[in-house]
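Engineer: Mind having a look at this structure? Questions to follow.
Protein chains: 4
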Amino acid sequence: MIQMTLIQIDNYGPWTVTPRPRTESDLQILQAELFADVQRQFATKKGLVFFTRFDNMLAVTNGINKEDHFRIQRSIMNRYPITISMGVGSAETPYEAQKKATEALQKAGGAQSEERREILAVDSLVSPENSFVQMAHIDINGVTESLTDIIPAFDTNFLVNKAQHYLMTKLIKKGALLFFIGGDNFMSPCNNLSTEDLTDILNELDEEIDIKFKAGVGRSDNAEDSAYLADLGLEIIREGKNKDLVSVLETDYLETL
Amino acid sequence: MIQMTLIQIDNYGPWTVTPRPRTESDLQILQAELFADVQRQFATKKGLVFFTRFDNMLAVTNGINKEDHFRIQRSIMNRYPITISMGVGSAETPYEAQKKATEALQKAGGAQSEERREILAVDSLVSPENSFVQMAHIDINGVTESLTDIIPAFDTNFLVNKAQHYLMTKLIKKGALLFFIGGDNFMSPCNNLSTEDLTDILNELDEEIDIKFKAGVGRSDNAEDSAYLADLGLEIIREGKNKDLVSVLETDYLETL
Amino acid sequence: MIQMTLIQIDNYGPWTVTPRPRTESDLQILQAELFADVQRQFATKKGLVFFTRFDNMLAVTNGINKEDHFRIQRSIMNRYPITISMGVGSAETPYEAQKKATEALQKAGGAQSEERREILAVDSLVSPENSFVQMAHIDINGVTESLTDIIPAFDTNFLVNKAQHYLMTKLIKKGALLFFIGGDNFMSPCNNLSTEDLTDILNELDEEIDIKFKAGVGRSDNAEDSAYLADLGLEIIREGKNKDLVSVLETDYLETL
Amino acid sequence: MIQMTLIQIDNYGPWTVTPRPRTESDLQILQAELFADVQRQFATKKGLVFFTRFDNMLAVTNGINKEDHFRIQRSIMNRYPITISMGVGSAETPYEAQKKATEALQKAGGAQSEERREILAVDSLVSPENSFVQMAHIDINGVTESLTDIIPAFDTNFLVNKAQHYLMTKLIKKGALLFFIGGDNFMSPCNNLSTEDLTDILNELDEEIDIKFKAGVGRSDNAEDSAYLADLGLEIIREGKNKDLVSVLETDYLETL
Numbered sequence: 446m447i448q449m450t451l452i453q454i455d456n457y458g459p460w461t462v463t464p465r466p467r468t469e470s471d472l473q474i475l476q477a478e479l480f481a482d483v484q485r486q487f488a489t490k491k492g493l494v495f496f497t498r499f500d501n502m503l504a505v506t507n508g509i510n511k512e513d514h515f516r517i518q519r520s521i522m523n524r525y526p527i528t529i530s531m532g533v534g535s536a537e538t539p540y541e542a543q544k545k546a547t548e549a550l551q552k553a554g555g556a557q558s559e560e561r562r563e564i565l566a567v568d569s570l571v572s573p574e575n576s577f578v579q580m581a582h583i584d585i586n587g588v589t590e591s592l593t594d595i596i597p598a599f600d601t602n603f604l605v606n607k608a609q610h611y612l613m614t615k616l617i618k619k620g621a622l623l624f625f626i627g628g629d630n631f632m633s634p635c636n637n638l639s640t641e642d643l644t645d646i647l648n649e650l651d652e653e654i655d656i657k658f659k660a661g662v663g664r665s666d667n668a669e670d671s672a673y674l675a676d677l678g679l680e681i682i683r684e685g686k687n688k689d690l691v692s693v694l695e696t697d698y699l700e701t702l
Numbered sequence: 446m447i448q449m450t451l452i453q454i455d456n457y458g459p460w461t462v463t464p465r466p467r468t469e470s471d472l473q474i475l476q477a478e479l480f481a482d483v484q485r486q487f488a489t490k491k492g493l494v495f496f497t498r499f500d501n502m503l504a505v506t507n508g509i510n511k512e513d514h515f516r517i518q519r520s521i522m523n524r525y526p527i528t529i530s531m532g533v534g535s536a537e538t539p540y541e542a543q544k545k546a547t548e549a550l551q552k553a554g555g556a557q558s559e560e561r562r563e564i565l566a567v568d569s570l571v572s573p574e575n576s577f578v579q580m581a582h583i584d585i586n587g588v589t590e591s592l593t594d595i596i597p598a599f600d601t602n603f604l605v606n607k608a609q610h611y612l613m614t615k616l617i618k619k620g621a622l623l624f625f626i627g628g629d630n631f632m633s634p635c636n637n638l639s640t641e642d643l644t645d646i647l648n649e650l651d652e653e654i655d656i657k658f659k660a661g662v663g664r665s666d667n668a669e670d671s672a673y674l675a676d677l678g679l680e681i682i683r684e685g686k687n688k689d690l691v692s693v694l695e696t697d698y699l700e701t702l
Numbered sequence: 446m447i448q449m450t451l452i453q454i455d456n457y458g459p460w461t462v463t464p465r466p467r468t469e470s471d472l473q474i475l476q477a478e479l480f481a482d483v484q485r486q487f488a489t490k491k492g493l494v495f496f497t498r499f500d501n502m503l504a505v506t507n508g509i510n511k512e513d514h515f516r517i518q519r520s521i522m523n524r525y526p527i528t529i530s531m532g533v534g535s536a537e538t539p540y541e542a543q544k545k546a547t548e549a550l551q552k553a554g555g556a557q558s559e560e561r562r563e564i565l566a567v568d569s570l571v572s573p574e575n576s577f578v579q580m581a582h583i584d585i586n587g588v589t590e591s592l593t594d595i596i597p598a599f600d601t602n603f604l605v606n607k608a609q610h611y612l613m614t615k616l617i618k619k620g621a622l623l624f625f626i627g628g629d630n631f632m633s634p635c636n637n638l639s640t641e642d643l644t645d646i647l648n649e650l651d652e653e654i655d656i657k658f659k660a661g662v663g664r665s666d667n668a669e670d671s672a673y674l675a676d677l678g679l680e681i682i683r684e685g686k687n688k689d690l691v692s693v694l695e696t697d698y699l700e701t702l
Numbered sequence: 446m447i448q449m450t451l452i453q454i455d456n457y458g459p460w461t462v463t464p465r466p467r468t469e470s471d472l473q474i475l476q477a478e479l480f481a482d483v484q485r486q487f488a489t490k491k492g493l494v495f496f497t498r499f500d501n502m503l504a505v506t507n508g509i510n511k512e513d514h515f516r517i518q519r520s521i522m523n524r525y526p527i528t529i530s531m532g533v534g535s536a537e538t539p540y541e542a543q544k545k546a547t548e549a550l551q552k553a554g555g556a557q558s559e560e561r562r563e564i565l566a567v568d569s570l571v572s573p574e575n576s577f578v579q580m581a582h583i584d585i586n587g588v589t590e591s592l593t594d595i596i597p598a599f600d601t602n603f604l605v606n607k608a609q610h611y612l613m614t615k616l617i618k619k620g621a622l623l624f625f626i627g628g629d630n631f632m633s634p635c636n637n638l639s640t641e642d643l644t645d646i647l648n649e650l651d652e653e654i655d656i657k658f659k660a661g662v663g664r665s666d667n668a669e670d671s672a673y674l675a676d677l678g679l680e681i682i683r684e685g686k687n688k689d690l691v692s693v694l695e696t697d698y699l700e701t702l
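Protein chains in written order, with the working numbering: chain A, 446 to 702; chain B, 446 to 702; chain C, 446 to 702; chain D, 446 to 702.
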């Protein structure tokens, strides 16, 4: 079971234009620092946050309980001009987990409600014995050599965004999510996605949009370790030690390091 | 003429996995804080930075000279474990300007070169009398009401990413760029794009992918004021004072506030 | 027993002037952000860090184990141009605890050694059953009314610094520490200091340097709760509900809120 | 003439305990980040901010005009739960300049007034032709070797604080200010203080409290360059190239680097 948290800024849209539109650079800084801040706090307990839309962030939070969530909300309230609400849900697939998390929060009021403030709506938490997170770290082959150092920066950006869109389209059908994590890298919480299905998706995209991907997959009971194992799996392919498109590592691999 | 700066982390890819993959949450925090940091520094001189791919950021930098750029590089070198190189270019369209900025930097060495470090490659700067920035702030109609408060968070994210992909595809053909700035909002540096062409693009997307957009457009001699005018233009549509899809404001509108 | 951690930047002095002196504003930002950063990480586990000399920080860390410390070190190494070493000690008094923490780290090498890097030297950790933290939050009576709003800002600063110096001088003899926490506020980890002794010290300072203080004292098994109880104790005096100079609250007071 | 700015958080004391005391770690993070933030913004225009009491900060701001101050205030208002007011003054000595800055702000209302918010009270600005800043960077001889690596961390802290108190006491009589900048380092804005007077003060302290200091002094038309020249002056003594206690560098030294 994977546990996901939806982190939503309360009544953010109206705030950004009250009394008149706030300076765009300030909003960009506020959003980036808020993301960095909740990331650091969730990360001390082995969670991992994705910036998503910035005013709505999704996080994998196995092992992080209700009081932990509450303390993060309080910490943000004390240091920012805005507050955050959260919904928490758990399920067999990441898609279902974020769906439950969203629904729990939606029941408590709208994102632009003036009344809703600092809600912590927990649908369900994963117990230690059921905790399982599968993460795939997917990147595009040879971006620096074939794109960054050759074509204009925005064209590379366009291609990476295109890759994201098509990856998302395929993965969501399998109950997996996909988040851009910078450069040419994507992280996919993907419990229940088989190695065969992931390989098929990468092969299909090579044919359909002519972009070649590879992926490391990690499996453990928390987001941090699974992401790390996924990174290590990707390194194994980069070093040529695995000729497949997908390289999978289980949690006991950590003990061999 | 618009001036754009490409900000690139030196040799970042290899650094992230040396001696072994660094904790993903730390990389996410580093990237977000670096973005916030350069944003704050460019913003003190009315520039505006877009996070783009985080390891490669694009900025509109009219009015910001070579020494300003150098001071930002030095400041980052003193406080981060990585350094940044920059390319600067100016042209009639944003696409051409970032192309020149990229080429200037590419000539100085590869993004993953171990030798290249803290390069400041200036192709061209815009002079005060030629300085002109047109920005469009584009958003999706009714996202909170129709999506955020109703469907799962990731589905909204998927739709926003799809909107970005299709907007990018149309705008790039007109020499305009597009950046996601959070929520359901996009900012498009778009010198030379006519109101008619932008309106046509928004209408086409409504038909082709069934997503309804609106846009405020601002024009001035710097990124900050143009973005602010674009925000104000969008507010005018939101308030129903302009029934068109696109609302344009010139720099002299600022004096009426 | 109180547990204290000494956090020391490795080889910082030489780094600040290599190859030539680094911009002072950058160093100030680096130091402040490093302090904020370790604070946030220790705070997620109810610790409390004092900025002390910035390149050497002291923290009350009851309940925070070796792996927690290691994870904080790794997180700093991944995001800063410098690394940190730590010493951890526990004892009956804060003075003894920081002494043990310092000695543990000193044994591992000098602060300006080029070899010493990311040391975690643990002399002793407090077990949950022996964990006890007494904190006093001390402030100066009526600073805003009598100083901030009347005399020049630097004169107020001078007086607050003088108060700190004399408070430190008296408290250190009792095995208690004292840290400036902003405004006219000081926090004193002070296990083993009796209410009578603290009252005597405040009375003596009133006579000797003509500065009137008051103090809230909190007692619990961790830094966060004790500091909070100390804040509440101070509020009780401010509201006139306690006419003494010192107001003490035990951990069970938290349950009455 | 030196220009100084007093930066004061509006109504901060009451805010920290409303509705009940806020978590101490959050306040510490907020204060440190606010300091880092205004530092970065003033630093882009060659100013230098001292943390002072955190809720009241003093800055040397030669060359920074009214609009620059206003933009910093706006940027803080957009990203923090608190706002800041500022007073600006200029004079022959730093003491007089901060006195004027304080008085300008005090006239606009009290620090804990609920009405006063985002005031920018300018007594006087320094014109480019009259701009002059003298800075002394003072440190304690051999702190790492004789203290940090030998005695407990808090004892070193105590000694550094004592040094600060006695330095302040002497310097204020000469119209000079003194700020702790971390480690064993102090920065003193000291227009009008002669090299002889500074040398005398350091010699007196050696006799009176048995602490040996040395100082680099820099002179230019802005805070950044003067602080840098002061750093370089101190390096010259450290390297043994100047046997005096005080080493002075003028602005034209920068051209020789």
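Ideal placement from N, C-alpha and C gives every residue a C-beta, glycine not left out.
As the structure is a prediction and not an experimental result, all values here were calculated from the model.
1. Rounding to the nearest angstrom, what Cα-Cα distance links C/A779 and C/L570 in this structure?
2. Would you call the CB atoms of C/L493 and D/S470 closer than 7 Å?
3. Just checking: is the beta-carbon of A/N510 within a distance shorter than 7 Å of some beta-carbon in chain B?
4. Does the beta carbon of A/S470 sit closer than 7 Å to a beta carbon anywhere in chain E?
5. Would a check of beta-carbon distances place D/T506 closer than 7 Å to chain B?
6. If you follow the beta strand (DSSP E) that A/Q579 is part of, which residue opens it and which one closes it?
7. Could you pull the start and end residues of the alpha helix (DSSP H) that B/E541 belongs to?
8. What are the start and end residues of each continuous beta strand (DSSP E) run of 3 or more residues lying completely inside the segment 577-638 of chain B, in chain order?
9. Rounded to whole angstroms, what is the Cα-Cα separation between B/E559 and D/E548?
10. Hey, does D/R467 have any beta-carbon neighbour from chain A nearer than 7 Å?
11. Bridge partners for D/E563 per DSSP, in chain order?
12. Taking the DSSP output, what are the residues bridged to B/N501?
13. Can you give the Cα-Cα distance for A/L717 and A/T701, rounded to whole angstroms?
14. What does the Cβ neighbour count give for C/N630, buried or exposed, with the cut at 16 atoms within 10 Å?
15. Do we get a CB-CB distance below 7 Å when we pair D/E478 with the residues of chain C?
16. On the three-state DSSP scale, how would you describe C/R467?
17. Can you find the residues in the same chain that come closer than 7 Å, C-beta to C-beta, to D/V567, ignoring five residues on each side of it along the sequence?
18. In whole angstroms, what is the alpha-carbon distance linking D/N501 and C/D689?
19. Using three-state DSSP, classify C/E695 as helix, strand or coil.
20. Can you give me the C-alpha to C-alpha distance between A/T506 and A/N523, rounded to a whole angstrom?
21. Could you tell me whether the segment 660-670 of chain B touches the segment 574-581 of chain B, using the rule of 3 or more Cβ pairs below 8 Å?
22. Using a Cβ cut-off of 7 Å (strictly closer), state whether B/K615 contacts chain A.
23. Shortest alpha-carbon distance to A/G555 belongs to which of B/T593, B/Y525, B/Q543?
24. Any idea if D/E695 is buried or exposed, counting beta-carbon neighbours within 10 angstroms, 16 or more meaning buried?
25. Taking 7 Å as the CB-CB limit, is D/T497 close to chain B?
26. Any idea if C/N648 is buried or exposed, counting beta-carbon neighbours within 10 angstroms, 16 or more meaning buried?
27. Can you confirm whether A/L679, when its beta carbon is compared against all beta carbons of chain D, has any partner nearer than 7 Å?
28. Between which two residues does the beta strand (DSSP E) containing C/S558 stretch?
29. Do D/D455 and D/T528 have their C-beta atoms closer together than 7 Å?
30. Anything in chain D within Cβ reach of A/S520, meaning under 9 Å, just list it in chain order.
31. What are the residues in the segment 482-496 of chain D lying within 8 Å of chain B by C-beta distance?
32. Following the continuous beta strand (DSSP E) through D/M531, name the residue where it begins and the one where it ends.
33. Under 8 Å by Cβ, that's how I've got D/R562 and D/A553 pegged, so tell me the actual separation to the nearest angstrom.
Structural biologist: Inspection of the coordinates gives the following:
1. A question about residue 779 of chain C goes unanswered here, because the residues of chain C that appear run from 446 up to 702.
2. Translated into the one-based positions of the third sequence, residue 493 of chain C becomes position 48. Translated into the one-based positions of the fourth sequence, residue 470 of chain D becomes position 25. Yes, the pair counts as a contact, with Cβ atoms nearer than the cut-off.
3. Taking the first sequence and counting its residues from 1, one reaches residue 510 of chain A at position 65. Chain B contact via Cβ: absent.
4. Absent from the structure: chain E. Protein chains present are A, B, C and D.
5. Locating residue 506 of chain D in the fourth sequence gives position 61, where the first residue counts as 1. Chain B contact via Cβ: absent.
6. In the first sequence, the residue the question calls residue 579 of chain A occupies position 134. From DSSP, the beta strand (DSSP E) with A/Q579 extends over 578-585.
7. The count along the second sequence starts at 1 and reaches residue 541 of chain B at position 96. Element bounds for B/E541: 539-552.
8. For the segment 577-638 of chain B, whole beta strand (DSSP E) runs of length 3 or above, ordered along the chain, are 578-585, 630-634.
9. Residue numbering aside, residue 559 of chain B sits at position 114 when the second sequence is read from its first letter. Residue numbering aside, residue 548 of chain D sits at position 103 when the fourth sequence is read from its first letter. Their backbone Cα atoms lie some 55 Å apart in a straight line.
10. In the fourth sequence, the residue the question calls residue 467 of chain D occupies position 22. It does; some Cβ of chain A falls within 7 Å.
11. Your numbering for residue 563 of chain D matches position 118 in the fourth sequence. DSSP output for D/E563 lists no bridge partner at all.
12. For this step, residue 501 of chain B is matched to residue 56 along the second sequence. Bridge partners of B/N501: B/Q453.
13. In the structure as shown, chain A starts at 446 and stops at 702, and residue 717 of chain A therefore has no counterpart that could be examined.
14. Working through the third sequence from its first residue, we reach residue 630 of chain C at position 185. With a threshold of 16 other beta carbon atoms within 10 Å, C/N630 meets it and is buried.
15. Within the fourth sequence, numbered from 1, the residue matching residue 478 of chain D stands at position 33. D/E478 counts as touching chain C.
16. As a position in the third sequence, residue 467 of chain C is number 22, starting the count at 1. It is coil, neither helix nor strand.
17. Counting from one through the fourth sequence, the residue named residue 567 of chain D turns up at place 122. Excluding residues within five positions, the ones whose Cβ falls inside 7 Å are K511, V533, A549.
18. Within the fourth sequence, residue 501 of chain D is the residue found at index 56, counting from 1. Within the third sequence, residue 689 of chain C is the residue found at index 244, counting from 1. Computed Cα separation, rounded: 29 Å.
19. Your numbering for residue 695 of chain C matches position 250 in the third sequence. Assignment of C/E695 by DSSP, reduced to helix, strand and coil, places it in the strand class.
20. Walking along the first sequence from the start, residue 506 of chain A turns up at place 61. Walking along the first sequence from the start, residue 523 of chain A turns up at place 78. In a straight line, the C-alpha of A/T506 is about 22 Å away from that of A/N523.
21. With a cut-off of 8 Å, the segment 574-581 of chain B and the segment 660-670 of chain B count as touching, because enough Cβ pairs lie within range.
22. Mapped onto the second sequence, residue 615 of chain B falls at position 170. Not closer than 7 Å to any Cβ of chain A, the Cβ of B/K615 fails to qualify, so no.
23. Within the first sequence, the letter at position 110 stands for residue 555 of chain A. When each option's Cα is compared against that of A/G555, the closest is B/T593.
24. The residue labelled residue 695 of chain D in the question sits at position 250 within the fourth sequence. Answer is exposed; the Cβ neighbour count stays below 16.
25. Working through the fourth sequence from its first residue, we reach residue 497 of chain D at position 52. No, no contact with chain B.
26. Taking the third sequence and counting its residues from 1, the one referred to as residue 648 of chain C is at position 203. Classification for C/N648: exposed.
27. Position 234 of the first sequence, counted from the start, is the residue given in the question as residue 679 of chain A. False, the Cβ-Cβ gap to chain D never drops below 7 Å.
28. Mapped onto the third sequence, residue 558 of chain C falls at position 113. Per DSSP, C/S558 belongs to no beta strand (DSSP E) and is neither H nor E.
29. Translated into positions along the fourth sequence, residue 455 of chain D becomes position 10. Translated into positions along the fourth sequence, residue 528 of chain D becomes position 83. In this structure, D/D455 sits near D/T528, with a CB-CB distance shorter than 7 Å.
30. By one-based count along the first sequence, residue 520 of chain A stands at place 75. Neighbours of A/S520 on chain D, chain order: T468, S470, D471, I474.
31. Within the segment 482-496 of chain D, the residues whose Cβ lies closer than 8 Å to any Cβ of chain B are, in chain order, D482, R485, Q486, A488, T489, K490.
32. Indexing the fourth sequence from 1 puts residue 531 of chain D at position 86. First-last of the beta strand (DSSP E) with D/M531: 529-536.
33. Translated into positions along the fourth sequence, residue 562 of chain D becomes position 117. Translated into positions along the fourth sequence, residue 553 of chain D becomes position 108. A Cβ-Cβ separation of about 10 Å leaves D/R562 out of contact with D/A553 under the 8 Å criterion.
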